[in-house]
Structures are given as structure tokens and as C-alpha cells.
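Only one structure is covered here, and it is reproduced in the block below.
Protein chains: 2
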Amino acid sequence: MEAKGNGPNEERLRPELDGPTNPMVTPLLTDLYQFTMAYAYWKAGKHLERAVFDLFFRKNPFGGEYTVFAGLEECIRFIANFKFTEEEISFLRSSLPSTCEDGFYDYLRGIDCSDVEVYAASEGSVVFPKVVQLLETPFVNLINYASLVATNAARHRFVAGKSKALLEFGLRRAQGPDGGISASKYCYIGGFDATSNVAAGRLFGIPMRGTHSHAFVSSFMSPDEIVEKSLRSCDGSSTCEDFVSLVQTWLSKIQWTHSLRGIFGETNQSELAAFTSYALAFPTNFLALVDTYDVMRSGVPNYCAVALALSDLGYKAVGIRLDSGDLAYLSCEARKFFFEIEKEFRVPGFGKMAITASNDLNEETLDALNKQGHEVDAFGIGTYLVTCYAQAALGCVFKLVEINNQPRMKLSEDVSKVSIPCKKRCYRLYGREGYPLVDIMTGENEPPPKVSIIAVAYLQVAERILCRHPFNESKRAYVVPQRVEELLKCYWPGCSGVIPNLECIT
Amino acid sequence: MEAKGNGPNEERLRPELDGPTNPMVTPLLTDLYQFTMAYAYWKAGKHLERAVFDLFFRKNPFGGEYTVFAGLEECIRFIANFKFTEEEISFLRSSLPSTCEDGFYDYLRGIDCSDVEVYAASEGSVVFPKVVQLLETPFVNLINYASLVATNAARHRFVAGKSKALLEFGLRRAQGPDGGISASKYCYIGGFDATSNVAAGRLFGIPMRGTHSHAFVSSFMSPDEIVEKSLRSCDGSSTCEDFVSLVQTWLSKIQWTHSLRGIFGETNQSELAAFTSYALAFPTNFLALVDTYDVMRSGVPNYCAVALALSDLGYKAVGIRLDSGDLAYLSCEARKFFFEIEKEFRVPGFGKMAITASNDLNEETLDALNKQGHEVDAFGIGTYLVTCYAQAALGCVFKLVEINNQPRMKLSEDVSKVSIPCKKRCYRLYGREGYPLVDIMTGENEPPPKVSIIAVAYLQVAERILCRHPFNESKRAYVVPQRVEELLKCYWPGCSGVIPNLECIT
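Chains A and B supply the protein sequences, listed in that same order.
Letter by letter, the first sequence follows residues 36 to 541 in the working numbering.
Letter by letter, the second sequence follows residues 36 to 541 in the working numbering.
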């Protein structure tokens with residue numbers, strides 16, 4: 036059931052309920068018809084009735100078998116801060132027909148979400164179609180993309196395997212600034228290790244990663260232009276006055292190494308200058324992008340020369356990034372080169388230098404790399420991850436299911452679009468091996484499914500529970516649960532007196 | 036060349052440069068490696084050099100032939116407000132290695148964008164691969180999605196035709212809150228008429244549209260529950276004490292109309308109650324969603340009864356919305372019904388009642404509706420429009436092309452990924468009929484293409500200009516321009532003394 040190799044990450048985030056993460060998330064972030072309906076309800080005196088809404092989706096995204104539920108904290112934050120400002124009320128007054136009565140605006144002025152109750156599955160948990168339940172509306176916006184991108188991240192983690200580092204590099208291709216920030220947050224919840232996005236790092240405390248671009252490499256001409264050439268050793272005991280020459284010396288040594296002969300001749304001097312400058316700036320964190328000119332004939336040898344020079348001064352270089360070409364082949368060739376250096380110059384650990392790969396990666400390319408065999412340690416994934424290219428939207432809907440304790444349902448000629456009436460409880464039934472078997476919904480006041488053991492002869496046998504598919508009469512199964520978990524917990528108690536589950540929101 | 040039926044809408048927006056639209060758009064909204072590189076440049080003393088970057092894309096989106104350029108105002112707003120706060124500098128200090136020198140943070144404290152110049156095509160204009168030029172970096176995030184969704188909107192406008200109203204209904208399915216707000220803004224620039232998104236309406240002054248949902252309809256039981264039944268006539272001269280009965284009377288009349296006999300029997304009373312309540316709340320703006328139960332057997336007759344009752348009091352109902360089923364067929368049937376009512380009860384204009392259609396519409400479904408023949412006046416488009424489902428990202432890139440007046444280029448084994456060096460000028464050449472023929476790039480200091488007329492015998496002939504494809508030698512053409520337009524205007528002059536083009540940014 037643990038869909039993501041690295042498990043849910045939400046406990047590593049640091050939310051605070053005081054104010055929305057995104058200041059644009061105000062009560063106006065909604066469709067106009069929510070206000071026209073609110074007015075009509077108010078006019079008809081229906082605003083005091085008690086209504087229950089279900090928020091759910093009908094189909095798992097990406098043709099897959101599960102969805103990672105996310106966006107809950109943003110929803111709770113939204114209702115915790117739900118209050119109209121005078122400026123917002125003026126805007127609404129100017130937007131609605133002039134026939135709307137003043138009393139409505141007084142009503143809006145007075146409302147907050149203290150009468151609302153929210154029950155939901157926990158953020159970061161795996162959920163299935165039709166069973167997520169929530170109250171209140173712009174939630175759909177906050178849940179849809181969050182759950183979609185968290186699910187996408189979990190799927191990438193599943194393909195990449197637990198041992199690889201997954202880095203989210205999507206900011207520049209995301210759907211707007213907040214698309215980028217949300218992507219970083221929910222990819223982390225879905226099992227990624229770090230992001231390149233500094234704003235997300237600051238807002239959520241997500242680890243950040245990043246080195247340099249091709250432009251950095253091509254902005255240099257040759258090592259001659261490096262003015263400040265000195266570098267103190269890692270332990271501070273000595274200073275190398277000409278690090279640039281030290282790098283050149285190492286490059287010559289590599290060039291004349293018998294086992295590496297023929298792989299490369301002259302390397303690109305602009306690239307060498309860029310790597311040397313970068314190492315002078317970040318001696319403790321030297322990671323270089325090696326594909327600006329030619330990976331094996333320039334990038335990797337240049338990198339090794341700088342890394343060996345750093346090693347002389349006690350620093351350990353981090354690794355390389357590949358951003359083009361045949362990533363499987365190049366990573367294997369680079370790995371061989373690193374091991375050759377380790378052997379030749381007796382630098383322990385040099386062979387295990389980290390190799391990061393990027394360049395339009397997605398689930399399919401990760402799978403193809405696995406099949407080809409590769410030596411990549413970390414994947415930087417952008418466009419396909421954050422825009423959810425394979426399926427750009429999750430079809431979350433929000434349906435009225437009960438009003439004043441009376442059931443309500445939406446009918447449709449398409450049976451899959453019929454809503455299931457009444458307030459519900461949801462349970463996950465676990466089998467003998469500890470894996471979940473099935474999720475079931477019951478009416479609010481029905482007894483919960485029980486794990487009851489009955490003695491049959493000398494055996495202790497757990498009782499069977501009959502589970503039916505909501506729409507397909509032929510789909511039914513007896514399940515013998517060893518454990519029952521209630522899925523929907525109270526995250527916002529309103530005035531109900533129910534004790535909220537704050538574990539993931541404070 | 037006017038790709039969108041309704042032309043660019045940007046002049047209808049009301050931007051102010053004072054502060055970003057989205058408060059998350061701060062100097063931290065960038066990749067970590069921008070800061071590591073900035074530090075390395077600063078360490079190497081290269082931060083004082085003058086660099087030129089091109090921002091461009093390699094391929095038009097959606098398999099199409101053009102892109103609508105958008106996001107420029109957000110970029111200008113970003114640089115106009117570019118300044119690090121002390122809190123941001125502290126965060127950076129804690130995020131970068133402790134070896135980074137203090138002087139760098141002092142340098143960050145001091146910088147703004149007064150040394151930057153930005154040249155660009157105008158927002159909302161049609162552009163082609165490789166020719167958009169800009170400076171500075173998180174621009175890519177701001178331009179990518181903006182241009183993508185504006186292009187998507189323009190394509191929907193092209194298919195729908197000029198005479199139809201296009202309404203953006205995407206907020207709930209957009210990629211996060213700002214995904215929704217940006218979508219509303221750039222769909223409007225791309226040729227949409229209105230949005231359902233209230234926050235976007237307030238921020239940008241975009242017209243808003245919206246009525247009610249299926250939940251509103253199913254929240255009512257029967258007309259008996261309507262307590263406040265009186266409605267003043269439109270001119271204020273009289274009051275109908277029981278509007279509910281007036282609606283019931285009209286419903287009976289329609290039911291006994293010979294020409295409508297057999298279409299429907301009993302209509303749904305919950306729906307009738309909802310429509311009546313909505314009309315009492317919005318007598319001047321009555322528009323009803325008619326597909327909660329059955330469009331032709333309940334929704335349309337109920338709608339007509341309420342609309343006719345409103346008509347008795349001098350109000351003109353607006354129309355219906357269809358959100359499921361065969362939209363082409365149902366719109367034609369509803370239209371026939373309306374004309375029958377107009378004829379039978381002599382209500383002028385009733386036949387032309389507006390019909391709005393929604394439900395997972397996209398370019399293909401609009402095209403299919405056109406082919407089938409329909410009576411829809413307005414389309415509400417959501418998911419496919421705002422998430423750019425057909426292609427969720429535009430591949431904008433940002434490449435260094437010149438430094439200290441020296442050309443720079445990125446090489447690649449893939450020739451289409453080679454960048455074109457040097458600062459450029461771009462021109463659009465127009466032919467005899469006033470249509471653009473081709474866009475060309477020249478070096479910054481090359482003479483602009485001229486419209487020169489030479490007399491040949493008794494004919495006046497314009498001079499030919501040889502245009503070459505940047506990468507494909509076999510693609511070349513002589514063009515005889517009648518008019519030349521310079522595409523890249525200065526939108527941010529920095530200290531260059533160039534007079535900025537403020538037409539779309541103030």
C-alpha cells in the first residue's frame with residue numbers, strides 16, 4: 036500500500052494555520068455563481084439549513100490504480116482564515132445586480148467557517164475514487180492539482196526505486212508561479228527528496244538542490260580570465276596560491292594516463308574555466324554540468340581535473356550532471372572514467388562520484404533507463420512532473436449529498452456520474468499480512484465494520500463482511516478484515532464539539 | 036494574422052506596476068542554481084560584465100502554426116519590484132554553504148533592475164519559434180504558461196468563431212490558485228469574453244459570468260417551501276403577490292399547448308422550486324441550468340414557465356445552460372421549444388433566448404458541434420482550456436547569446452538546440468494585402484530591412500529581400516515587403532536612456 040518508495044513526507048513540512056500560504060487564496064477565489072447562489076439561498080432563507088457535500092473524484096489519474104490525497108492543509112488554512120474584507124464586499128456589491136439587497140452584504144460580513152465541519156482522509160495517504168469526503172467549495176481547486184501532482188510524484192518514485200534521489204526541477208515550466216510552488220510542495224509529499232525552487236524551500240523547508248547552467252559555462256572564455264586563483268585547503272592549514280595551475284596539471288596527468296588515452300584530446304577551455312571558477316566559489320559543493328560541449332571528450336575530463344585538484348586540498352567533489360544525450364550510455368561511460376581515475380591516482384571513493392541526470396525525464400524514460408542499465412544516482416525531473424503532462428487535471432467534483440438530514444443525489448443518464456447520497460463514513464479493511472484489502476463506505480449512523488473472531492470447532496475465525504460495489508451489482512466480495520481503520524478524520528470541528536485531528540495541520 | 040476572432044484583449048486589462056499581481060513572485064521565485072551561479076560570478080568578478088540573453092521557444096504548441104505571446108507585464112512588474120528583503124537574504128545565507136563570503140550578501144542587498152534592459156514583442160501579439168527576446172530569468176516561468184494558455188484560448192476562439200461568447204470556467208480544475216487566476220487573465224488576452232473567477236475579475240477587471248449549479252437545484256424540494264413569494268414588476272409600478280402561483284399557471288398553459296404536447300408531462304418540482312427561487316433573487320438576470328433531471332422533459336419547460344412569469348412583470352430572462360448530454364441536439368430542441376413559445380404566447384424575442392453550453396469542451400468538441408449544427412450562443416470552457424490538456428507546457432528557454440559584446444552560443448548534437456548568438460533585432464515583413472509574410476532576425480547593428488521601390492521600365496517594383504532559415508540552408512526565400520514592423524520594443528530601459536514602450540504596461 037505504501038505507494039511511494041520513500042513514504043509520505045508531509046510530517047517534514049512546517050505549516051502554520053495563521054494566514055494562507057498563497058495570499059491570493061481569499062474568499063473571492065471562487066466562481067461567480069457561488070455568490071449568485073449564496074444570494075438566492077439567502078433570499079430563500081435556506082442559508083441556515085445544514086448541508087453535506089462530498090468532494091471526490093471518479094477515476095485514478097494517469098491510468099493508474101491509486102491517488103495520493105493532497106491539498107488538505109491548504110483547505111483547512113483557507114477556512115481558518117475565511118473572512119470577507121470590506122474591499123471584497125464592495126467589489127461583490129459592484130459585481131452583482133443592483134437589485135441584490137443590503138442585508139446579504141451584512142450577512143457576508145458576519146460569516147466565517149465556525150459552523151463548518153470538515154472530515155477527510157489524511158494528507159499524503161493513498162485514496163481511491165469516490166471515497167474522499169470534505170465540506171466547502173474552492174477546496175476543489177486546492178485538492179485537484181495537489182493530489183494530481185502528489186500522485187505523479189509517487190508514480191515517479193515507484194519507477195525510480197527507493198535508492199535514487201529524486202529532484203523536482205519544474206519551476207520554469209510550471210503553470211505559473213503558484214503552479215511552481217505547489218508542485219514543489221506536493222512532489223515532496225509524493226516522495227521527492229528536494230526541489231530547485233528557492234521560494235518553496237523558504238515556505239515549506241523543503242531541501243533545495245542546484246548547481247549551474249549551460250549559460251554559466253559559455254559565459255567563460257579561458258582559465259586566463261580567472262583573477263583570484265588562491266584557495267585555502269579544507270582544514271585551513273595551507274593555501275594553494277594558484278588553483279588554476281593545479282587544475283591544469285591534473286588535466287595533463289589525466290591526458291597522459293594510459294588507460295584513458297584516446298578518449299579525449301584537448302578539452303574545452305571555456306568549460307574548464309567555468310568549472311574552476313565554480314570550484315573556487317564552492318569548494319565544498321562542487322557539482323558540474325558536463326554536457327555543454329561534449330560529455331566524454333571535454334566535460335568529464337575537465338570535471339575530473341578540477342575534482343582532483345580539490346582533492347589535493349582535502350575537498351571532496353560532489354559529482355556531475357548530464358542534461359542531454361543518451362543518459363544511460365553516458366552515465367556508464369562517466370562511471371568507468373571515474374573508477375579509472377580512482378584506480379590510477381588512488382583517490383578512494385572517486386569512482387562513486389554522484390551522477391545526476393535531467394532532460395525531459397518522465398515515468399516512461401525512467402523505465403527505459405532502468406531497462407537499458409545506467410549509473411545515475413539522482414534524477415532531476417521538471418516539465419512532465421509538475422505540469423502532469425500525461426494527464427493535466429484530476430476530475431474532482433463537489434456534490435450535495437444531504438440537506439437538513441434529508442438525502443440528496445444528482446441523477447444522470449451516465450450511471451458513473453450519479454452521486455451517492457447521505458453523509459458517509461469510510462473504512463479501510465486490512466488483511467492478514469497487514470496490507471489493505473478494500474475501502475468501504477457506510478452511512479453515518481451505520482455500525483462500523485468489526486473485526487470479530489468466532490470460534491469454529493478448535494479454530495478462531497474472523498467474521499466475513501460483505502462489500503458491494505456502489506454501482507456495479509455484480510461486483511461484490513466477502514472480506515475478512517484483521518484490522519479496520521477509519522479513513523475520514525475530523526480536521527475542522529466547527530461548533531460540533533468533535534475533537535479535531537490536528538496531527539497533520541499543526 | 037489575426038489569430039483570434041475577437042482580437043487581442045490586453046488593452047482591456049488594468050495593470051499597475053506597483054507591486055506584483057501575485058505576492059509570491061519575489062526574487063526567491065527562482066531555481067537555487069541561479070544563486071549559486073550568481074555567487075560564482077560575483078567571486079570571479081564577472082557580475083559587472085554586460086550579458087545578453089534570448090528567451091525563446093522552439094516549437095509552436097498544440098501542433099499549431101502560431102503562439103500568442105503573453106506574460107510580459109508580469110515580467111516587467113517583477114523587475115520593477117525586484118529587491119531582496121533582509122528576511123530573504125537571511126534565508127539565502129542559511130541555504131548556501133557557510134564558505135560564501137559576506138560581501139555577496141551586501142551585493143544582493145544593493146541590486147535592483149535599473150541596469151537591465153528588456154526588449155520584447157508586445158503582449159497579446161502572435162509570435163513564432165526562436166524570435167522572442169527578453170532579459171533576466173524567472174521570466175521563463177511567467178512567460179511559459181501565460182503564452183501557452185493565451186495560445187490555447189486563441190485556438191478555441193478560432194474554432195468557435197467570432198459570433199459566439201466564450202466563457203472561461205476553469206478555476207476548479209486549474210493547476211492551483213494562481214494557475215486559475217493566470218488562466219483567467221491570459222484566456223481573456225487570448226480572446227475569451229468573460230470568466231467565472233471572481234478573484235480574476237477583481238484583479239484585472241475581466242467581465243464575470245455565472246449562475247447556479249446542480250447542487251442548487253437539488254437543494255430544493257418543492258415550490259411549497261418558498262416563503263417570500265412576492266415580486267415587484269420591473270418598472271416598479273406593481274407587485275405580484277404570488278409569483279410561485281404565476282409560474283405554476285404558466286407551466287399548466289405550456290403543458291396544454293397543442294404544439295408542445297407529448298414533449299413533457301410532469302416536470303420536476305424540486306427543479307421548478309429552484310428556478311423560481313433563483314428568479315425571485317435575480318429577476319433581471321435569470322439564467323438556469325436545465326440538465327439536473329431531464330433537459331427537454333423538465334428543465335426547459337420549467338425554465339419557460341419561470342421566464343414567462345417574469346415576462347408578465349416586464350423582466351426579460353437571459354437563457355439556459357446545458358452541462359451534459361448531446362449538446363448539439365439538445366440546443367436545437369431547446370431552440371425549437373423557445374420559438375414555439377414565442378409563437379404560441381406572442382412573446383417577442385423569446386425564441387432567441389441565450390443557450391450556453393459547458394461540459395468538458397475543447398477545440399475538438401467545438402469543431403464537432405460546428406459540424407453537427409447547433410444553437411449554442413456561448414460556450415463555458417474549463418479543464419481543457421486552463422490546464423492546456425493537449426500540451427501542458429511550452430518549452431521556453433533562456434540562453435546566453437552575448438557577453439561584453441562577444442557572441443556566445445550553446446552547441447548541441449541536436450542542431451535544433453543550437454542557440455543563435457548575438458543580440459538581435461526582429462522584423463515582421465508585410466505583403467501587398469497587408470498580411471504578414473515572414474518574421475526575420477538581424478544582428479543588432481545590421482541595417483533594418485527597407486521597403487525600397489525601384490522603377491523598372493514603367494513599373495514601380497519593391498526591392499526583394501533574401502531571407503534565410505537559421506538552420507536549414509535549403510529554406511530561403513525572396514520577400515518583397517510593402518511594410519516593415521520592428522517587433523522587439525523596449526519595455527524596460529534600465530539606464531540605457533532608451534525611451535520605453537509603455538503602451539501595454541501602464
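We put the CB at the ideal spot given by N, CA and C, even for glycine.
None of the values given here were measured: they were computed from a predicted structure.
Counting C-beta pairs closer than 8 Å gives fewer than three between the region 146-162 of chain A and the region 331-343 of chain B, which falls short of the contact rule. For residue 89 of chain A, the three-state secondary structure derived from DSSP is strand. At a cut-off of 8 Å between C-beta atoms, residue 457 of chain B does not count as an interface residue with respect to chain A. Excluding the 5 residues flanking it on each side, residue 419 of chain B has same chain C-beta neighbours closer than 6 Å at 397, in chain order.
The contact set of residue 243 of chain A on chain B, defined by CB atoms closer than 7 Å, consists of 67, 130 in chain order.
One thing to note: residue 305 of chain B has its Cβ within 8 Å of the Cβ of residue 253 of chain B. By the Cβ-count criterion, residue 83 of chain B is exposed, with fewer than 16 other Cβ atoms from all chains shown falling within 10 Å of its own Cβ.
Relative to the Cα of residue 356 of chain A, the nearest Cα in the group A/348, A/350, A/366 belongs to A/366. Setting aside the 5 residues that flank it on each side, residue 255 of chain A is surrounded in the same chain by 305, 308, 309, each with a C-beta closer than 6 Å to its C-beta; the list follows chain order. With 16 or more neighbouring CB atoms inside 10 Å of its own CB, residue 175 of chain A falls in the buried class. Between residue 195 of chain B and residue 201 of chain B, the gap from beta carbon to beta carbon is short of 8 Å. Ranked by Cα distance from residue 456 of chain A, the options A/76, A/90, A/293 are led by A/90. Excluding the 5 residues flanking it on each side, residue 425 of chain A has same chain C-beta neighbours closer than 6 Å at 97, in chain order. Identification of chain B residues near residue 80 of chain A by a Cβ-Cβ cut-off of 8 Å yields 262, 263, ordered along the chain.
In its chain, beyond the 5 residues on either side, 215, 218, 421, 422 have a beta carbon closer than 7 Å to the beta carbon of residue 209 of chain A. Cβ-Cβ separation between residue 503 of chain A and residue 514 of chain A: approximately 11 Å, too far for a contact (criterion under 8 Å). Going by DSSP, residue 213 of chain A is part of the alpha helix (DSSP H) stretching over 211-224. In the structure shown, residue 63 of chain B adopts coil according to DSSP, grouped into three states.
The C-beta separation of residue 58 of chain B from residue 119 of chain B comes to about 15 Å, leaving the pair out of contact by the 8 Å criterion. Scanning its chain for C-beta atoms nearer than 8 Å, with the 5 sequence neighbours on each side dropped, one finds around residue 410 of chain A the residues 366, 367, 369, 370, 390, in chain order. The DSSP-derived three-state label of residue 372 of chain A is helix. One finds 75 in chain A with Cβ atoms closer than 7 Å to the Cβ of residue 313 of chain B, taken in chain order. Taking all protein chains in view, the Cβ of residue 506 of chain B is surrounded by fewer than 16 other Cβ atoms within 10 Å, so the residue is classified as exposed. Nearest C-alpha to residue 192 of chain A among A/204, A/222, A/88: A/222. Contact with chain B is found for residue 179 of chain A, since one of that chain's Cβ atoms lies less than 8 Å from the residue's Cβ. The beta carbons of residue 516 of chain A and residue 464 of chain A sit closer together than 8 Å.
Proximity of chain A to residue 331 of chain B at the Cβ level (cut-off 7 Å) is not reached, the minimal Cβ distance being about 12 Å. Using a Cβ-Cβ distance cut-off of 8 Å, the region 428-437 of chain A and the region 234-250 of chain A are not in contact, since fewer than three pairs of beta carbons, one from each stretch, lie closer than that value. With a 10 Å radius around the Cβ and a threshold of 16 neighbouring Cβ atoms, residue 93 of chain A comes out exposed. For the pair residue 360 of chain B and residue 326 of chain B, the CB atoms are nearer than the 8 Å cut-off. Take the alpha-carbon of residue 403 of chain B and the one of residue 162 of chain A: they are about 36 Å apart. Here residue 246 of chain A is buried: its Cβ has 16 or more other Cβ atoms, across all protein chains shown, within 10 Å. Spatial neighbours of residue 135 of chain B in its own chain (CB-CB distance under 7 Å, excluding positions within 5 residues in sequence) are listed in chain order as 74. Within chain B, no C-beta atom comes nearer than 9 Å to that of residue 405 of chain A; the closest sits roughly 24 Å away.
The closest CA to that of residue 181 of chain B, considering only B/225, B/460, B/198, is found on B/225.
Within the region 309-389 of chain B, the beta strand (DSSP E) runs of at least 3 residues that lie entirely inside it are, in chain order, 322-324, 354-357.
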